[in-house]
Each structure stands twice: as structure tokens, then as C-alpha cells.
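Protein chains in written order, with numbering that gives the first Met the number 0: chain A, 0 to 355; chain B, 0 to 355. Data block below; observations after.
2 protein chains.
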Amino acid sequence: MRNGSHITLDDIAKKLSVSRVTVSKALRGHSDISVEMTKKVIKTAKELGYSPNIIARSLSSRRSNMIGIVVPKIAHYFFSRVIEGVYDTAFENRYETILTVSQENSEREWKHLQTLVSMRVDGIIISISQETQDLKRFKWIRKMGIPLVFVDRRPEAQLSGFSTVSNNDREGAFQAVEHAIKIGYRKIGFIGGNLHINIGKNRIQGFEDALNEYRIPINHEWILQGGFGKEDGYNGLKHFHQKGSMPEFIFAATYPVALGIYEAAKELGVRIPDDVDIICFGDSDVARFLSPALSAVRQPARELGARAVQILLENINNQKVTKEHHVILPTELVIRGTCAAKKAQSNKIEIHDTPR
Amino acid sequence: MRNGSHITLDDIAKKLSVSRVTVSKALRGHSDISVEMTKKVIKTAKELGYSPNIIARSLSSRRSNMIGIVVPKIAHYFFSRVIEGVYDTAFENRYETILTVSQENSEREWKHLQTLVSMRVDGIIISISQETQDLKRFKWIRKMGIPLVFVDRRPEAQLSGFSTVSNNDREGAFQAVEHAIKIGYRKIGFIGGNLHINIGKNRIQGFEDALNEYRIPINHEWILQGGFGKEDGYNGLKHFHQKGSMPEFIFAATYPVALGIYEAAKELGVRIPDDVDIICFGDSDVARFLSPALSAVRQPARELGARAVQILLENINNQKVTKEHHVILPTELVIRGTCAAKKAQSNKIEIHDTPR
DNA sequence: TTGTAGGCGTTATCAA
DNA sequence: TTGATAACGCCTACAA
Numbered sequence: 000m001r002n003g004s005h006i007t008l009d010d011i012a013k014k015l016s017v018s019r020v021t022v023s024k025a026l027r028g029h030s031d032i033s034v035e036m037t038k039k040v041i042k043t044a045k046e047l048g049y050s051p052n053i054i055a056r057s058l059s060s061r062r063s064n065m066i067g068i069v070v071p072k073i074a075h076y077f078f079s080r081v082i083e084g085v086y087d088t089a090f091e092n093r094y095e096t097i098l099t100v101s102q103e104n105s106e107r108e109w110k111h112l113q114t115l116v117s118m119r120v121d122g123i124i125i126s127i128s129q130e131t132q133d134l135k136r137f138k139w140i141r142k143m144g145i146p147l148v149f150v151d152r153r154p155e156a157q158l159s160g161f162s163t164v165s166n167n168d169r170e171g172a173f174q175a176v177e178h179a180i181k182i183g184y185r186k187i188g189f190i191g192g193n194l195h196i197n198i199g200k201n202r203i204q205g206f207e208d209a210l211n212e213y214r215i216p217i218n219h220e221w222i223l224q225g226g227f228g229k230e231d232g233y234n235g236l237k238h239f240h241q242k243g244s245m246p247e248f249i250f251a252a253t254y255p256v257a258l259g260i261y262e263a264a265k266e267l268g269v270r271i272p273d274d275v276d277i278i279c280f281g282d283s284d285v286a287r288f289l290s291p292a293l294s295a296v297r298q299p300a301r302e303l304g305a306r307a308v309q310i311l312l313e314n315i316n317n318q319k320v321t322k323e324h325h326v327i328l329p330t331e332l333v334i335r336g337t338c339a340a341k342k343a344q345s346n347k348i349e350i351h352d353t354p355r
Numbered sequence: 000m001r002n003g004s005h006i007t008l009d010d011i012a013k014k015l016s017v018s019r020v021t022v023s024k025a026l027r028g029h030s031d032i033s034v035e036m037t038k039k040v041i042k043t044a045k046e047l048g049y050s051p052n053i054i055a056r057s058l059s060s061r062r063s064n065m066i067g068i069v070v071p072k073i074a075h076y077f078f079s080r081v082i083e084g085v086y087d088t089a090f091e092n093r094y095e096t097i098l099t100v101s102q103e104n105s106e107r108e109w110k111h112l113q114t115l116v117s118m119r120v121d122g123i124i125i126s127i128s129q130e131t132q133d134l135k136r137f138k139w140i141r142k143m144g145i146p147l148v149f150v151d152r153r154p155e156a157q158l159s160g161f162s163t164v165s166n167n168d169r170e171g172a173f174q175a176v177e178h179a180i181k182i183g184y185r186k187i188g189f190i191g192g193n194l195h196i197n198i199g200k201n202r203i204q205g206f207e208d209a210l211n212e213y214r215i216p217i218n219h220e221w222i223l224q225g226g227f228g229k230e231d232g233y234n235g236l237k238h239f240h241q242k243g244s245m246p247e248f249i250f251a252a253t254y255p256v257a258l259g260i261y262e263a264a265k266e267l268g269v270r271i272p273d274d275v276d277i278i279c280f281g282d283s284d285v286a287r288f289l290s291p292a293l294s295a296v297r298q299p300a301r302e303l304g305a306r307a308v309q310i311l312l313e314n315i316n317n318q319k320v321t322k323e324h325h326v327i328l329p330t331e332l333v334i335r336g337t338c339a340a341k342k343a344q345s346n347k348i349e350i351h352d353t354p355r
């Protein structure tokens, strides 16, 4: 908002010697106004370079036509696709999207939520940070009467009154681990996630379910939880290596975790998939160009975002009937270079002598 | 902006039997107000669950504390890093960022710019779409008195009154191609970009300068321009293949272009780097895990965004002295698997029989 | 230290 | 079909 040089409705009204209201209505194509008048108004608005003041409009109409979104990260394939879905869908529905990024920091997330409320967004979409445990903030939002939809990540704890859009995390993880078992792996580990967030909980659930179903004992030394980032994968593999106890196969809770594992493996001279094989939850556009090509549980990221917006808009427009929706989209197992077939020498590599 | 249930300054004022102004000042820590009063106000504000209405504040103060940013793409390593830099820097300066995405579409970009102006953002950062040629929109913004800074992509045509932040595109391209020449390549091609955008112009300029400097004739059949996307790389390589005239080495104008080349190569059975070697402008976090590991001209993407915000804020706060800044950040050549050494058999592969 | 008056640019309501 | 008036919630300037 700058040097007061902006043209206002009054400017147009004066020039045309009509009232401000007439101009306002004409510009919005109100049927009240004569066609002739409308044309005149639009013409001079253009001439004067009129740009409607959305802020004033929002204040007056008590409707901002903005939705807010909070994500943990942005330079991250999954989220950037989700965001894309959100933006495109919102745009199609003439909504502006206010993006905020928590950087996996719970405090920052809280600040962003408060800001979005202060901006009087009409609704909020959120995928929570890996640190977030506090439910108060969501109850507050609910009390404020602002519709909120969770995409992908949400608190695992009981929390009603919000719609959710997510993947079938348990099933996706199950399928991946089942596949690993079927090609012969038995020493199977898990890196990433945590239990207070739905995706962490459900993905490890799928992991355990698969092992149980095939009666494979779970070795808790091979389960490393914490966060969803690259550093978690990196530290995880290093940890296994250091302890001299490496699983043959690792299920990575997210794509960044898998990247971290690639990174550590390279550094340690651990060969993928020969020494440790791997699959992860979450695909990426470059996964098939990686060396080795990374297998993954593909999530319909873009659609996740799109659905979230649709549900949110529905909530916004039917404030009274606001029922909860819980959409679960299926995943798809994509097998590439990793997790393709168990390498012959897998029992050759032993605990104490990680090669290279 | 919802069901009118929001607490306002008046609510707090009434409860405390003071005036609205007192509350407003107290909440903003104005020195006018007694410590005691301030405490009381803050306390009841908290009790009532007060959330300041930023919209009203903006309208009244004629300052939105928002900056707008327009980028061509979001699920794109470079831009997501730029955006990250913008967000973090804006956040540190208590500015909210309104992100819009043109999806490489000039019309959409124009709409977004109008929306940002309508939102009365205090300033705008933009990296233009590959289609954008029209300068009128920028002149309009200038006339509106809204500071605007170009990051990375801007119109190549003469346009004054705006600050710019970019890489040393010519130099970066030059170094990359020079490197290719030094390791022995002579049949060198270029894919991506176009001449009406600075980065397209400068990168090919660097390319040509390098060839000229080393007195290597330029084969225009091996220069393919158009856009900056994956599809351009993909179509580019296919085109070379189809025509039966393949360079030994390709400089890709962007990282997505390189990915497109990888894709096409895989499909066609063209081997990288044996049949065609490659380097691209723009690094990525996974480049070193690609097969083969992709060499690149690294851009300080995050810093680009950060600097743009700094300059923009400076422009916003010194509306009068608003001088143009033109920051050019250096790039860094990162050699990995590709472009590492010329393969011996390079003159074996001939035009008509692209090997398997 | 606190309060009053006026205005920011729109829209909604009701009257002409 | 048009217009006058009163919000919307806050801030600035000035007065008490």
C-alpha cells in the first residue's frame, strides 16, 4: 500500500458525477445498474488505471477470499507438489492462497497460524511440522470459527472438528515391506517419522503389520524414529553402521530420508542395493534417474492439495452444515532399481565388516 | 474473515472502560500508555482471545506489511530455494509473503500482478514466465509506485526503474563450456532458453563466447532454444536424434532441461556421457545421486531470494531515494560424473547409428 | 497518560 | 436505476 496515489471508487464517481455506490455496483456487474452506465464506468475505470482495493473490500464484506496454507518445508518434492495442487485449485475458484512455511518448527508454525487468522483468511490448510504436538492451537482455530483441513500430516492425538486428506499410509508401507519380504529380505529396518504424527504412526504400523503377517521378528535396533528429514536418514544409516548392525533392507519413511541414506551410504562406502537395499514412502520426479534408481510408494501429492482445497471451500461455503470429511487416497508401489531383487551375497555382508 | 465473532479493540475497551485508542496503543507497546494499563490491556486481550485484524490495520495505516512474489514454477529446485530465501528473509523482517505462481503463463502472471497490486502489497519480487515479453505491466507497476525487484529472470528488453538480482549467467555458462572444451569436446550444442529473457540471452552468450574464444565453429543446428522446462530438454534431444545429427556435448540452459535430456536419452537408448555428455546451469540437491552424477553451474538460489528481499525492503523504506540496485552473484562450476573427461570413443559414435 | 474526531476504500441496506 | 448513510476495525493527529 503505497503513496496514496491509488485511484478509488470516489475518483471514478466524481469524474462521472455519479455516486460511489453506483460505480461500485457497476464494476461488480450488479444487475441494478443500466448497461449504459456500466459501460461508462468500466471505461473510465480503465482510463484512470483503477485497481480495486482488496483490503478495503475484505474489511467491508467480511470475506477475504484468501485461504492460508502452512507446510513444513517448501524445497521438498512432495510439498511443492501439494502446494501446486492447492494453488491451482484455489486459483480456479478465484481464491488467493497465502503460503506459510514452518520449517519444521512448531513455534514458527504457531506464529503463522496466528498471522493467518489475523489476516482473516477464509480457511486454512495445514500439514504440521514434525515437532508439533500441541493441540491447543487447533482448538483455538476451531473456536475462531475458521475452517481448517489437514493434508498429509496431522496430530495423531484425538482431535475432532476438522476434515483430513491423506494417503493410505499404513497400506502403502505394508505393500512396500511386503514386497521386500517377498523378494527375500528378512533383516528389515525402518528410518524416519515419529509416533505423534499420523504418517509416522501409520507408516510404521504398516511396516510392523507386514513383518508380523509374514512372521518375521521385529528387531527394534533397526527401527529409528525421530523426524522426516534428510538428516534423519543420514544419521540413521550412520548409526547402524557405527553400531555395526546393519539391516539388509531399510524402509525410509519419506523421500528426504531416503536421500539422506544415499548420502550417508556414499560417504561410508556402503553400497546400495548390494549392502543395504531401500525403498521409501514418497516418490519424486528424479527418483528413476538416481543411482540406483529409487523405488518408492507413490503419493498423489498434487491431488492431495486439490482435494484439500475442495473440501475447505465446501466448508467455507456451508458454514452451518460443516461436516467432517476424511479423504484417503491410495498409493502406488513403484519398483525401480532398488528393492527389485534380493542380491545374492546378502548374507555375505556381515555386521562387523561393512565393506569398502 | 468469518462469522463476525472476532473480538475487536472495542470489546477490550468496553470491558476495561477505557477508549479504543488506549487499547490500540497499549497493544502496540506505545510509550504513551502507563505500564499498568498496558499490562491490564494485554491481559484481557489474551483472555478474550483477541486477534488483531490485519486487514483493518492495513487499510488504516496504508501499509500492508506484505510483499508479493511471482515465480514461474514451484515444484522446481531452483525456484523453491529462491522462495525459501524470500520467505525466511521476509519473515525475519516481519513481512508476510504472498506467493503466486504463473506456471510459465504470461496471462496468468499478469493476473497475479494485478491481484498483488489490489492486495496493496508493499513491494513485489518477480521472476518472469518464459512467455513474458510485454513490458507494459511493469511500467504500470512503476506508475503505481510499487517497488519491484527482478530475481533471476527478467525481460531482456530495456526497462529502467527496477532493481535486479541475478547470477553471472554469461560467466557461468562460459566456464562450463570452456571446461567442456578443455577436456576435449568440439561438437558442442545448447538446449533451452530464449533470447527475450536475460538468462536465456546471457547463457547462450557465454556459450558462444567460449566457442569463439577457442575458435570452435558454432553449429547452429546444435542450438535449440524455446523454453526453460523439462519438455524442452526432452524434445531437444529427440530432435537431434531424429535428425541424425547429435553433438558430443550439450549445455543445458537449466536443470529441468537437463532432466528432460536424461529422460529422452533413457528412452532413446542414448548413453550419457558416452554418447552425449552434458552439463547444465543450475544445481540440485540430488544432482550428485543421478546416474550419471550431473555436473552443473551452481547458483546461490537461496541467497538470490534473500538479497531480493533486502533490496526490496530498502526500496520500500526509502521511497524517495529509490535508486536501482543490480546485484550479480557469482556461480560455481561443480564437476561430477558428467563433463568430467571426454570419453575415448567419442569419434566412434556417428550420426546415423546412435548406439544402444 | 488518556481520549476524541476523522478517515482508510469498500460494501450492504434501505430509501428515493 | 441510482444514491445517501452507516458500517467494517483500526490508526493518526490532535486535544484534553
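Using N, Cα and C, we set each Cβ at its ideal position, and we do this for glycine too. Given the structure is predicted, the values throughout are model-derived calculations rather than measurements.
{"Item": "Residue range of the beta strand (DSSP E) that includes A:R136", "Value": "Note, A:R136: premise wrong, no beta strand (DSSP E); alpha helix (DSSP H) at 135 to 142."}
{"Item": "Given 8 Å, three or more beta-carbon pairs between the segment 323 to 341 of chain A and the segment 271 to 278 of chain A", "Value": "yes"}
{"Item": "Under 7 Å by beta carbon: chain B residues contacting A:M245", "Value": "The contacting residues do not exist; A:M245 stays about 20 Å from chain B at best."}
{"Item": "Nearest-angstrom beta carbon gap, B:V85 and B:V326 [assumed within contact, 8 Å]", "Value": "The Cβ separation is near 14 Å, so there is no contact."}
{"Item": "Residues, ordered as in the chain, of the segment 49 to 70 of chain A that lie near chain B by beta-carbon distance below 7 Å", "Value": "S50, P51, N52, I53, I54, A55, S57, L58, R61, R62, S63"}
{"Item": "Contacts that B:E91 makes with chain A (C-beta to C-beta distance below 8 Å)", "Value": "The contacting residues do not exist; B:E91 stays about 11 Å from chain A at best."}
{"Item": "Counterpart residues of B:T163 in DSSP-defined beta bridges", "Value": "B:F149, B:H325"}
{"Item": "contact_flag[the segment 104 to 111 of chain B, the segment 74 to 81 of chain B] where n(CB pairs < 8 Å) is 3 or more", "Value": "no"}
{"Item": "Under the three-state DSSP convention, the category B:A251 falls into", "Value": "strand"}
{"Item": "Own chain partners of A:S128 with C-beta closer than 7 Å, once the 5 adjacent residues on each side are dropped", "Value": "P71, S101, E103, N104, S105, E108"}
{"Item": "Distance CB(A:T43)-CB(A:K14) smaller than 7 Å", "Value": "yes"}
{"Item": "Beta-carbon proximity check, A:I187 vs A:P272, cutoff 7 Å", "Value": "no"}
{"Item": "B:T96 in three-state terms, based on DSSP", "Value": "strand"}
{"Item": "Cross-strand partners of B:F189 (DSSP beta bridge)", "Value": "B:I222, B:F250"}
{"Item": "Own chain residues within Cβ distance below 7 Å of A:I198, not counting five before or after", "Value": "D151, R152, D168, G192"}
{"Item": "Residue span of the alpha helix (DSSP H) that contains B:L332, given as start and end", "Value": "Segment 331 to 333 is the beta strand (DSSP E) holding B:L332; no alpha helix (DSSP H) there."}
{"Item": "Limits of the unbroken beta strand (DSSP E) element including A:M36", "Value": "Where A:M36 is concerned, there is no enclosing beta strand (DSSP E), although the alpha helix (DSSP H) it sits in stretches over 34 to 47."}
{"Item": "Residue from A:E302, A:F173, A:T131, A:Q298 whose Cα sits closest to the Cα of A:G225", "Value": "A:T131"}
{"Item": "Nearest-angstrom Cα separation, counted from A:R270 out to B:Q174", "Value": "33 Å"}
{"Item": "Test item: CB-CB of A:V148 and A:S162 under 7 Å", "Value": "yes"}
{"Item": "N- and C-terminal bounds of the alpha helix (DSSP H) containing A:V377", "Value": "In the structure displayed, chain A extends from 0 to 355; residue 377 of chain A sits before or after that span and is not available."}
{"Item": "8 Å Cβ cut-off: residues of chain A touching B:V116", "Value": "S50"}
{"Item": "N- and C-terminal bounds of the alpha helix (DSSP H) containing A:R297", "Value": "Looking at the DSSP string, A:R297 is not in any alpha helix (DSSP H); the run it does join, the beta strand (DSSP E), is 295 to 297."}
{"Item": "Where B:L289 sits in the DSSP three-state scheme", "Value": "strand"}
{"Item": "B:V116 and A:S60 closer than 7 Å at C-beta", "Value": "no"}
{"Item": "Closest Cα partner of A:Y233 within the set A:I125, A:I260, A:R297", "Value": "A:I260"}
{"Item": "Host alpha helix (DSSP H) of A:F173 (start-end)", "Value": "168 to 181"}
{"Item": "Per-residue burial, A:D31 [other beta carbons within 10 Å of its own, 16 or more giving buried]", "Value": "exposed"}
{"Item": "Residues that A:P216 bridges to, as DSSP identifies them", "Value": "A:P216 is not bridged to any residue."}
{"Item": "Where B:G235 sits in the DSSP three-state scheme", "Value": "helix"}
{"Item": "Residue nearest to B:A252 in terms of C-alpha spacing, selected from B:E46, B:G281, B:R185", "Value": "B:G281"}
{"Item": "Contacts around A:G67, its chain only, beta-carbon distance under 6 Å, and the 5 residues preceding and following it disregarded", "Value": "I97, L115, V120, I123"}
{"Item": "Short CB-CB distance (under 7 Å) between B:I198 and chain A", "Value": "no"}
{"Item": "Straight-line gap, B:R19 to B:D10 (C-alpha atoms, nearest Å)", "Value": "8 Å"}
{"Item": "Chain A contact residues for B:S290, given Cβ-Cβ distances below 9 Å", "Value": "F288, L289, S290, P291, A292, G336"}
{"Item": "A:E323 burial status per 10 Å Cβ neighbour count (16 or more: buried)", "Value": "exposed"}
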